[in-house]
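> Here it is, the structure in full.
Residue numbers (mature numbering (1 follows the signal peptide of the UniProt record, and there is no 0)): -26 to -1, 1 to 212.
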């Protein structure tokens, strides 16, 4: 049984690792630091009848150019509904001020997003999936609406010697669904591969810290971005 569990872990981790595109020699490499706080919880404290309704509050700060400047801020609130203990649906808004090196022309992006989340526990740990659909606007640089689909797969496997700690691996693939007049073009947009360590402070809070590789396809130039990221995340769930 143990060998089958180890085999499954190896298969999942290998699939995540090899899903990331192979960078080209001409790509621009940058070291970045990203920090995120994501809080979710039930609305039952406001009304017991709302126990299946949930809130989502997320804030991120992303530092680029070898972590020398604040390059992007993300504020992403949302509301959700818990279908069952393993599945939920979400919708919300995003405000994303963006600067170099993510863009040559600074702009404030606005998004609407819809999401289906699934998770389940197995003998090796937690396996989760997140499917997100986004509608994106950048009023200062273009008039079109960009449609994007994102798919993330994540595995979190507790360490038997220290159950509060876990090995975490995830991969998220981004696909642009249309061409726009402000940069996004139909097809592969980017991929994010994360490998790190998780730690549970208690049943309601945890952190995940590790390395993320973000490979961005810049459709308006032959030079793509290959970002090496120190990713620091805090999760609260009440």
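Backbone N, C-alpha and C fix where the C-beta goes; we use that ideal spot for every residue, glycine too.
1) Mapping DSSP to helix, strand and coil, what is residue 22?
2) What does DSSP give as the partner residue(s) for residue 101 in the beta ladder?
3) List the endpoints of the continuous beta strand (DSSP E) containing residue 36.
4) Would you kindly work out how many angstroms separate the C-alpha atoms of residue 56 and residue 66, rounded to a whole number?
5) Residue 212 and residue 173 - do their beta-carbons sit closer together than 8 Å?
6) Nearest CA to the CA of residue 148: which residue from 158, 141, 116?
7) Which two residues bound the contiguous beta strand (DSSP E) that contains residue 180?
8) Under the rule that 16 or more other beta-carbon atoms within 10 Å means buried, what is residue 154, buried or exposed?
9) Does the pairing of the region 127 to 135 with the region 105 to 116 give three or more beta-carbon distances under 8 Å?
10) So which of 31, 89, 36, 205 has the shortest CA-CA distance to residue 181?
With the structure as the only source:
1) helix
2) 94, 129
3) 27 to 38
4) 15 Å
5) no
6) 158
7) 179 to 190
8) buried
9) no
10) 205
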